[in-house]
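Going down the list, the sequences are from chains A and B.
Mapping of the first sequence onto this note's numbering: position 207 corresponds to residue 282, and the numbering continues sequentially without gaps.
Mapping of the second sequence onto this note's numbering: position 32 corresponds to residue 62, and the numbering continues sequentially without gaps.
The beta carbon of each residue, even a glycine, is placed where N, CA and C say it ideally should be.
A quick note: this is a predicted structure, and the numbers were derived from the prediction, not measured.
What follows is a single structure, written as structure tokens, with notes after it.
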Amino acid sequence: MNFLRKIPGILLLAVIGYAGKFTEQSISAYGKAHHTALPNIEYVLWAILFGLLIANTVRLPALFRPGVDTYEFWLKIGIVFLGVRFVVGDVVKLGGVSLLFVAIELAVSIALMTWLGKKFHLTPKLTSLLAIGSSICGVSAIIAAKGAIDAEDEDASYAMAAVLALGAFSLFVFPAIGHALGMNDKMFGMWAGLAVDNTAEATAAGALFSDTAGKFAVLAKTARNATIGFVVLGYAIYWAKQKQAKEIANKGAFLWEKFPKFVLGFLLVSLMATAGVFTKPQATDIANLSRWAFLLTFAGVGLRTDLREMKKQGLRPFVVGAVGELAIAGLTLGMMVAAGPLLGF
Amino acid sequence: MLLQVFMKLSLDWWSVILALAAIALVMAGAMPHIPW
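Structure follows, in structure tokens:
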């Protein structure tokens with residue numbers, strides 16, 4: 076019965092996503108038929124814009140909310156399918172490099188966010204949530220950390236609003252910067268995966284640049300997501316020592332519980348593809364399934380971005396998040412530009 | 031017993047199960063060609 080409640084929203088995701096794809100194809104076909112050079116605006120952007128338009132004008136009716144909230148579920152399914160487009164060697168090499176960059180990014184962003192939180196007089200737990208959200212993977216990390224550090228609902232919603240607003244902003248700014256700097260697909264994808272907070276927005280920012288960039292954005296972001304348990308555990312231990320959160324009895328079980336399981340699915344499918352388990356047509360079909368799953372996600376990104384809600388949350392958490400994100404984006408861009416040529420990007 | 035285990039799985043696990051089930055259907059030729 077619970078599933079039936081989700082159907083209208085899932086259908087809406089499909090309709091908006093397909094409308095985005097249809098719009099891109101129609102504009103391209105019109106340009107070709109009339110021998111006119113029209114700007115190629117990707118279906119990703121159309122799907123997000125249509126979603127944004129609905130969410131911020133007519134508002135999403137309650138009937139659709141349970142289904143629209145499944146957009147991250149489709150994202151995870153899409154990531155598992157995407158494994159078919161990677162050989163294990165690339166995953167190990169680029170995933171390893173990403174983890175190294177992630178370690179540097181985590182250290183800098185946690186230190187910076189903590190300092191900014193103090194400067195702007197945010198509550199210490201809100202600062203922790205913002206640091207976790209901006210350093211790892213946005214909303215999922217904030218939800219995972221909220222229970223572990225006994226944070227207030229209000230702090231969690233402030234942190235989520237800041238991360239979502241900045242994610243929406245990144246969607247439009249990152250591809251423009253990438254094109255202005257003449258970045259290649261691989262370098263841009265890795266940068267978007269390392270710097271954009273939420274997995275859905277990181278995937279969309281990469282896909283807005285190019286299909287290949289989207290693929291590498293997912294790889295870098297997945298490496299970042301894999302660290303979620305360690306960072307949340309670190310904060311949980313810190314707050315337990317302050318007597319403001321419960322002790323974690325079994326740290327191994329905690330790490331496993333927080334580990335994103337779709338990463339295992341992604342690795343398994345990549346392993347199968349490398350072992351030659353799939354024929355070429357099968358691999359193409361699975362890669363296309365990944366694109367359809369992401370299409371639902373991109374529609375969801377627009378539909379759940381309610382700019383009026385974000386405005387209500389106040390300016391200070393947003394400013395702290397924005398300053399921190401800007402520094403992280405600059406740092407990761409510097410790392411990519413410096414190390415990219417050495418790594419063959 | 032098995033049903034109870036399945037019912038307790040997180041959405042994270044379900045995303046992996048459903049994706050692998052779809053891949054199995056593609057491999058078995060039980061799913062029509064998926065264009066993009």
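Interface flag, residue i vs chain B, CB-CB below 8 Å
i: Ile85(A); result: no
i: Leu339(A); result: yes
i: Asn363(A); result: yes
i: Phe45(A); result: A query on residue 45(A) cannot be resolved here, the shown segment of chain A reaching from 76 to 420 and no further.
i: Pro141(A); result: no
i: Gln100(A); result: no
i: Gln319(A); result: no
i: Arg366(A); result: yes
i: Val293(A); result: no
i: Ile152(A); result: yes
i: Val214(A); result: no
i: Phe156(A); result: yes
i: Asp230(A); result: no
First through last residue of the alpha helix (DSSP H) which encompasses residue i
i: Gly377(A); result: 355-378
i: Thr274(A); result: 274-284
i: Met410(A); result: 391-414
i: Arg140(A); result: 140-143
i: Glu229(A); result: 228-255
i: Ala216(A); result: 213-223
i: Thr98(A); result: 77-108
i: Lys194(A); result: 163-194
Distance between residue j and residue i (C-alpha atoms, nearest Å)
i: Ile179(A); j: Trp266(A); result: 14 Å
i: Leu58(A); j: Leu205(A); result: The structure shown does not extend to residue 58(A), since chain A is modelled only from 76 through 420, so no value can be given for it.
i: Ala231(A); j: Leu401(A); result: 21 Å
i: Ala234(A); j: Arg80(A); result: 28 Å
i: Lys316(A); j: Ala251(A); result: 44 Å
i: Ser345(A); j: Leu269(A); result: 21 Å
i: Thr189(A); j: Thr278(A); result: 27 Å
i: Ile458(A); j: Leu308(A); result: The structure shown does not extend to residue 458(A), since chain A is modelled only from 76 to 420, so the question has no answer here.
i: Val162(A); j: Thr349(A); result: 5 Å
i: Val172(A); j: Glu117(A); result: 29 Å
i: Phe195(A); j: Phe78(A); result: 43 Å
i: Ser103(A); j: Thr111(A); result: 9 Å
i: Trp66(B); j: Gly304(A); result: 36 Å
i: Ser40(B); j: Leu175(A); result: 29 Å
i: Asp228(A); j: Gln319(A); result: 15 Å
Beta carbon proximity, residue i to chain A, threshold 8 Å
i: Met37(B); result: no
i: Leu48(B); result: yes
i: Ala60(B); result: no
i: Leu41(B); result: yes
i: Met31(B); result: no
i: Ala52(B); result: yes
Neighbour-count burial assignment, residue i, 16 or more Cβ in a 10 Å radius
i: Met347(A); result: buried
i: Met411(A); result: buried
i: Thr132(A); result: exposed
i: Tyr105(A); result: exposed
i: Gly126(A); result: buried
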